[in-house]
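Data block below; observations after.
Printed below as a string of structure tokens:
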């Protein structure tokens, strides 16, 4: 690429030692926390559960039955004490113990079944949510990805989703079980002994206040943990991707220091969140045990006065202990649900990003001749920082237009605007007289073929990578495209020919071989307009000759835009545009520009003489007219 497309965020801190982009992992740690609406997030999560409402209803009924069976245990125990143990009826006691054992077996089986059902519900809901997030990512503009750490996006697709899945799998059945258990226990204890029931209820307001206070803090802590984890994943992803550069500059120690800083922060925020969560259980147990002590003392007084039997007291104490269990579970659920909400908020935050959209009046191009006009186009990636200033050009059908100039001049930005990766700030771009903003994005990009300096090859076979240009192409069409691109000879020398499996990003091929595959892919796509962005810049002279031959065949009969640093590759262009500081300062053919003895002349001769262009030559250079 001829210039950087990532622009620093407003007020960003100086770039860190490794040069990670300002919109990358470190920026995640500088983002201010926005206020979150837990209710709205829960409602959006509920939409993913709605298609499985009948399974949820069945699970809820199963939970109710299981809880009801489980509640029989203490009642049967009290009955055993008062009727069979006190009276010495061992046969009756054996029957009652068998019934108690059966209730516990049924409760255990019901618990397993409801866990199985909820695991399925959670996995299906998260599958749908992950699909929606992935689909939405594909329709977001490139600006979004240029300003985000890719590792953080991966974290939202994986870690946050897994967190939501784990909590959905357990929280619903636990919540229903806890609510029904709480209501059931309250009914039973009031039936057993009203005074003792009133005493038991004294701990509930304290439990509620503690739960509310801790839950608010844990939700914030879990969100901060997920955010820092995303930043850590971003550092890992960029480090692995840029490992060659890190080693080349001997920056391993600096990389470790940067990783350790975020890793240490993750340890702190995760520990703080877990500590807050861990407070919940012990606090609830302490409150419940104090309540049980009060109930036991009160029950003893009632028993001494003959106002309650020993069996009633034993059953009541057991139920009072169970009164604390659903309260504890609900309190713990409040903490774990905060973690799910934190993850869901991060997922929905991406889903709420505005996607690329076609204009309301967008209509398809029936036939493309290939006329391209830039009419006084100005653009900047960030407000107030112009990259292109009042650029105009006219490419006639079938013409080759070369864009040359120093690095950062704005050449690649012109490509970004033509492909509508970004939209112009001022002016317009037209194809065959149609403003490209009125053409559906998919159709526009299908008419354009890109061969870049560093083309992306997917993990898969050579055949599959070429076929990416036209997914329904036959094997013969793929091979024909490779032959036109001069790629067929080297492909046939590979271990398995067209079925050779490529490593990640095609790392088991040379730079030239990867470029030939990219050209073959463009040949197969058969675009009406071709864009070559430094397509031959990183190859040796011999490979460049093969690439040039393939590119000339590809450009024949097509409108082509060629960005090149090597000016020897643009001699045959119908027009050459010299771009400097975002403006077209010269235009003409290769020969006419040399005759002008201006910027292009000096740039051309500096390459062949091996001399850098002096800064004094750049200053004071008169801007020429932009007329054709």
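In the UniProt record's numbering, the protein residues as written are 1 to 628.
Glycine included, C-beta positions come from ideal geometry on N, C-alpha and C.
Quantities reported herein were computed from a predicted structural model and do not represent experimental measurements.
For residue j and residue i, the rounded distance between their alpha carbons
{"i": "residue 316", "j": "residue 192", "result": "7 Å"}
{"i": "residue 146", "j": "residue 352", "result": "17 Å"}
{"i": "residue 107", "j": "residue 101", "result": "10 Å"}
{"i": "residue 591", "j": "residue 426", "result": "32 Å"}
{"i": "residue 444", "j": "residue 141", "result": "15 Å"}
{"i": "residue 157", "j": "residue 479", "result": "37 Å"}
{"i": "residue 252", "j": "residue 159", "result": "27 Å"}
{"i": "residue 322", "j": "residue 185", "result": "7 Å"}
{"i": "residue 555", "j": "residue 360", "result": "33 Å"}
{"i": "residue 370", "j": "residue 396", "result": "7 Å"}
{"i": "residue 505", "j": "residue 456", "result": "6 Å"}
{"i": "residue 268", "j": "residue 458", "result": "38 Å"}
{"i": "residue 149", "j": "residue 407", "result": "25 Å"}
{"i": "residue 584", "j": "residue 413", "result": "13 Å"}
{"i": "residue 53", "j": "residue 222", "result": "28 Å"}
{"i": "residue 435", "j": "residue 373", "result": "9 Å"}
{"i": "residue 21", "j": "residue 259", "result": "Confidence at residue 21 is low in this model, with a pLDDT of 43, below 50, so its placement is unreliable and the value that follows should be read with caution. Whole-angstrom Cα-Cα distance: 15 Å."}
{"i": "residue 33", "j": "residue 163", "result": "In this predicted model, residue 33 has a pLDDT of only 39, less than 50, meaning its place in the structure is not dependable; the value taken from the coordinates is given anyway. Cα to Cα, the separation comes out at about 20 Å."}
{"i": "residue 27", "j": "residue 109", "result": "Legend: pLDDT at residue 27 = 48, less than 50; position of this residue unreliable, value from coordinates given subsequently. Approximately 49 Å between the Cα atoms of the pair."}
{"i": "residue 131", "j": "residue 123", "result": "12 Å"}
{"i": "residue 490", "j": "residue 503", "result": "17 Å"}
{"i": "residue 42", "j": "residue 127", "result": "17 Å"}
{"i": "residue 55", "j": "residue 299", "result": "43 Å"}
{"i": "residue 205", "j": "residue 330", "result": "14 Å"}
{"i": "residue 571", "j": "residue 513", "result": "24 Å"}
{"i": "residue 525", "j": "residue 477", "result": "11 Å"}
{"i": "residue 527", "j": "residue 264", "result": "51 Å"}
Expected contact under 8 Å - CB spacing of residue i and residue j to nearest Å
{"i": "residue 562", "j": "residue 518", "result": "Residue 562 to residue 518, Cβ: 15 Å. No contact."}
{"i": "residue 630", "j": "residue 45", "result": "Residue numbering for the chain in the displayed model covers 1 to 628; residue 630 lies beyond these limits and cannot be assessed."}
{"i": "residue 481", "j": "residue 520", "result": "5 Å"}
{"i": "residue 347", "j": "residue 61", "result": "That pair is no contact at about 30 Å."}
{"i": "residue 72", "j": "residue 103", "result": "5 Å"}
{"i": "residue 356", "j": "residue 438", "result": "Rounded, the Cβ-Cβ distance is 14 Å, inconsistent with contact."}
{"i": "residue 418", "j": "residue 424", "result": "Rounded, the Cβ-Cβ distance is 10 Å, inconsistent with contact."}
{"i": "residue 239", "j": "residue 228", "result": "Actually they are not in contact, since the Cβ atoms of residue 239 and residue 228 sit about 16 Å apart, beyond 8 Å."}
{"i": "residue 432", "j": "residue 368", "result": "6 Å"}
Short Cβ contact (8 Å threshold) for residue i with residue j
{"i": "residue 470", "j": "residue 529", "result": "no"}
{"i": "residue 232", "j": "residue 266", "result": "yes"}
{"i": "residue 415", "j": "residue 564", "result": "no"}
{"i": "residue 168", "j": "residue 125", "result": "yes"}
{"i": "residue 485", "j": "residue 516", "result": "yes"}
{"i": "residue 575", "j": "residue 401", "result": "yes"}
{"i": "residue 582", "j": "residue 410", "result": "yes"}
{"i": "residue 301", "j": "residue 196", "result": "no"}
{"i": "residue 462", "j": "residue 494", "result": "yes"}
{"i": "residue 393", "j": "residue 577", "result": "yes"}
{"i": "residue 349", "j": "residue 559", "result": "no"}
{"i": "residue 189", "j": "residue 320", "result": "yes"}
{"i": "residue 551", "j": "residue 604", "result": "no"}
{"i": "residue 237", "j": "residue 154", "result": "yes"}
Residue of the options minimising C-alpha distance to residue i
{"i": "residue 340", "options": "226, 387, 357 and 435", "result": "226"}
{"i": "residue 376", "options": "430, 406, 397 and 325", "result": "430"}
{"i": "residue 67", "options": "38, 112, 91 and 94", "result": "112"}
{"i": "residue 64", "options": "180, 156, 105 and 189", "result": "180"}
{"i": "residue 391", "options": "433, 186, 397 and 379", "result": "379"}
{"i": "residue 59", "options": "175, 258, 589 and 128", "result": "175"}
{"i": "residue 172", "options": "342, 120 and 598", "result": "120"}
{"i": "residue 262", "options": "275, 381, 282 and 230", "result": "230"}
{"i": "residue 501", "options": "552, 465, 525 and 364", "result": "465"}
{"i": "residue 118", "options": "514, 526 and 177", "result": "177"}
{"i": "residue 460", "options": "454, 477, 449 and 496", "result": "496"}
{"i": "residue 579", "options": "48, 98, 599 and 589", "result": "599"}
Ignoring anything shorter than 3 residues, give me the beta strand (DSSP E) runs that lie fully in the stretch 346 to 405, in order along the chain. With a minimum length of 3 residues, the continuous beta strand (DSSP E) runs that stay inside the stretch 346 to 405 are 372 to 379, 388 to 395 and 400 to 404.
Which runs of the alpha helix (DSSP H) fall wholly inside the stretch 464 to 488 and span at least 4 residues, in chain order? Runs of the alpha helix (DSSP H) inside the stretch 464 to 488: 475 to 484.
What runs of the alpha helix (DSSP H), each 4 residues or longer, lie entirely inside the stretch 412 to 473? For the stretch 412 to 473, whole alpha helix (DSSP H) runs of length 4 or above, ordered along the chain, are 441 to 446 and 462 to 467.
Entirely enclosed alpha helix (DSSP H) segments - the stretch 127 to 194, minimum 4 residues: Considered as a whole, the stretch 127 to 194 harbours 142 to 146, 150 to 155 and 161 to 192 as its complete alpha helix (DSSP H) runs of no fewer than 4 residues, in chain order.
Could you tell me which whole beta strand (DSSP E) segments of length 3 or greater appear in the stretch 531 to 594? 559 to 563, 575 to 580 and 583 to 588
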